[in-house]
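Working notes, structure below.
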Amino acid sequence: MSTGTTKLDVVVSDVVPVNDLVTRFHFRRRDGQLLPTFSGGAHVVVEMRDGDRTRLNPYSLMGSPLDTREYTISVRRDDVGRGGSLFMHRNVRPGHEMVVSYPVNLFSLDLRAKKHLMLAGGIGITPFMAQTAQLAAEGGNFELHYTCRTASLGTYADVLRERYDRRVRLYHDDLDERIELDRLLSSQPLGTHLYVCGPAGMINWVRERAATLGWPSETVHFEHFAAPQPGLPFDVTLAVSGKTIRVDEQQSLLEAIEAAGVDPPYLCRGGVCGQCETNVISFDGKFIHNDHWLSEEDHRSGCKIMPCVSRFEGRSLVLER
Amino acid sequence: MAAKSIISRPVYGTLSPQPGKHHLFVADAEGALAIAEMAKRAPAGFFDEAEIVFIPGPDGKHVAALEALKPAQFHEAPSFASLLPRLRQTLANAHMGLRLYLSGTEGLIGQAMQVALEAGIDHTSIETEHRGSLARRMQCVHCKGITENVTTQPATCAHCGLLLLVRDHYSRRIAAFQGVCINAEDRSEIPPMEEIFR
Chain A
1 MSTGTTKLDV
11 VVSDVVPVND
21 LVTRFHFRRR
31 DGQLLPTFSG
41 GAHVVVEMRD
51 GDRTRLNPYS
61 LMGSPLDTRE
71 YTISVRRDDV
81 GRGGSLFMHR
91 NVRPGHEMVV
101 SYPVNLFSLD
111 LRAKKHLMLA
121 GGIGITPFMA
131 QTAQLAAEGG
141 NFELHYTCRT
151 ASLGTYADVL
161 RERYDRRVRL
171 YHDDLDERIE
181 LDRLLSSQPL
191 GTHLYVCGPA
201 GMINWVRERA
211 ATLGWPSETV
221 HFEHFAAPQP
231 GLPFDVTLAV
241 SGKTIRVDEQ
251 QSLLEAIEAA
261 GVDPPYLCRG
271 GVCGQCETNV
281 ISFDGKFIHN
291 DHWLSEEDHR
301 SGCKIMPCVS
311 RFEGRSLVLE
321 R
Chain B
1 MAAKSIISRP
11 VYGTLSPQPG
21 KHHLFVADAE
31 GALAIAEMAK
41 RAPAGFFDEA
51 EIVFIPGPDG
61 KHVAALEALK
71 PAQFHEAPSF
81 ASLLPRLRQT
91 LANAHMGLRL
101 YLSGTEGLIG
111 QAMQVALEAG
121 IDHTSIETEH
131 RGSLARRMQC
141 VHCKGITENV
151 TTQPATCAHC
161 GLLLLVRDHY
171 SRRIAAFQGV
181 CINAEDRSEI
191 PPMEEIFR
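So the sequence lines, in the order shown, correspond to chains A and B.
Numbering follows full-length UniProt numbering, with no gaps: position 157 of the first sequence is 157.
Numbering follows full-length UniProt numbering, with no gaps: position 3 of the second sequence is 3.
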């Protein structure tokens, strides 16, 4: 059960290939009404019904929050992932009826900031599409630094440059262009907030440099949806519901719990929000933690797991679920 | 030591050196001792990038102790009002990486924090340590006038003259505790006045 998120019945109104890897999907409400309002940085969980298998993946809303006639998401094709992005790219066509969650924002702007400094890497650009639209509409002060592999894979780089001109700075890996991060962070006026979305390595790098250079943690915001990683199958005992289940290679622990008819709370399904946090009663083996929610101490303790993205290898695992 | 009573009542910690490129200290009277003690735990060279703004108490003590820390800049001011333009200017020109440390009386900490909030610093990222007087800045909820250095409970509003109960209810935005008329039903009822915020 998705805590606090009612479902929305939508229809795919448009499918637009953006470049070799990224395709944009537009959703409208099936009843023709306006969609719920959202703020820049919000995401929805998209239900993908693929035969007898249902995948639930989070995607940032990238349209302007001022326009709720449609929601738009951009999906980067991942050829070695668990198949959610491939399903979207191969199977979803205009007219396709789908279900998405209400929007949830775990990466919102702090509107007390004097300035918003945004750092995007690759497909991490999507929440900034909505945030920049929101800020531009109210005269907000922002600056966006966007790193992409090549100009042709710089998703929406052209759109952003067109809209915001010099407020957008592009860096291309193939031209060996790099953000001068320390200089950038040290030259920001007091009252600036920092937002970073991109690969885990980039987020860790930016957070580490910001902390070292004296940015208080309250001013550093980041979002990285971990995709559940495939792995060895393992067995789990659900003590509260009295069931023993097997988690398949391509399945997440959360999906296996749901497939067994147990309905745990969830929100982001990407290891960020904390809703599906589950207590471990006993275990014999090792955890493969992939979330950004639990502390390192929690990870070491073996007392908690985030079933949306984390796995287990070993002889036995008993969860309080 | 200020105890937690209701959620808005500020609580203070112990100054500790933060990672950062510049360090700005604002202190009054015995607040200097908090800086001097923190200096013993600070990494070498910490004060090379530090500025200390200090309002000595009536006895004029502690100036030498702060100068001995050899901060990049040391500024002595006779009152908070006199250092306010300088503080505003410093914060307006500052960059991310500046860390703020406030130590001394509640009035000093509150008023300096108010200026910092206006400059966009989150209050949770400010290091604070209370030393010395617990005298309160109080805002009368009836006439909105602010009375400085309130030490008694109840206290008389310096503006409208009402007798006020000084609450723990605190506003960071106006850097003052709330004062509410204590005898609104019957003005002839005068509760005894005790000196409790020393």
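Glycine is no exception: its CB is placed at the ideal position from the N, C-alpha and C atoms.
- Ranking A:C197, A:F107 and A:D158 by CA distance to the CA of C273 of chain A puts A:F107 first.
- DSSP places K40 of chain B in the helix class (H, G or I) of the three-state scheme.
- Around the beta carbon of R315 of chain A, a 10 Å sphere encloses fewer than 16 other beta carbons of the protein chains shown; the residue is thus reported as exposed.
- Restricting attention to beta strand (DSSP E) runs no shorter than 3 residues, the segment 103-127 of chain B encloses none.
- Judged by DSSP secondary structure, A120 of chain A falls outside any alpha helix (DSSP H) and instead within the beta strand (DSSP E) spanning K115 to G121.
- Inter-residue distance for M48 of chain A and A42 of chain B is about 55 Å (C-alpha atoms, whole angstroms).
- About 10 Å separates the beta carbons of Q153 of chain B and G179 of chain B, which is beyond the 8 Å limit, so they are not a contact pair.
- When beta bridges are read from the DSSP output, I35 of chain B appears opposite no residue.
- According to the DSSP secondary-structure assignment, M306 of chain A is paired through a beta bridge with no residue.
- Annotation for Y164 of chain A: the continuous alpha helix (DSSP H) segment containing it runs A157 to Y164.
- Chain A places no beta carbon closer than 8 Å to that of G145 of chain B, leaving this residue out of the contacts.
- DSSP places H96 of chain A outside both helix and strand once states are collapsed to three, so it counts as coil.
- In the three-state reduction of the DSSP assignment, M138 of chain B falls in the strand class, which pools E and B.
- P17 of chain A carries a strand assignment under DSSP once its states are collapsed to helix, strand and coil.
- Less than 8 Å separates the beta-carbon of I126 of chain B from that of A116 of chain B.
- With its beta carbon less than 8 Å from one in chain A, S125 of chain B belongs to the interface.
- Taking CB atoms only, L213 of chain A has a neighbour in chain B less than 8 Å away.
- Judged by their CB atoms, L24 of chain B and T128 of chain B are not nearer to each other than the 8 Å cut-off.
- The segment 114-134 of chain A and the segment 179-193 of chain A touch, with no fewer than 3 CB-CB distances between them shorter than 8 Å.
- Taking 8 Å as the CB threshold, K243 of chain A stays off the interface with chain B.
- Closest by C-alpha distance to H142 of chain B, out of B:C160, B:A176, B:T151 and B:A72, is B:C160.
- Counting along the chain, the unbroken alpha helix (DSSP H) around S85 of chain A starts and ends at G84 to N91.
- Our two residues, M88 of chain A and E70 of chain A, have alpha carbons roughly 18 Å apart in a direct line.
- Straight across, the Cα-Cα distance linking I6 of chain B with W215 of chain A is about 29 Å.
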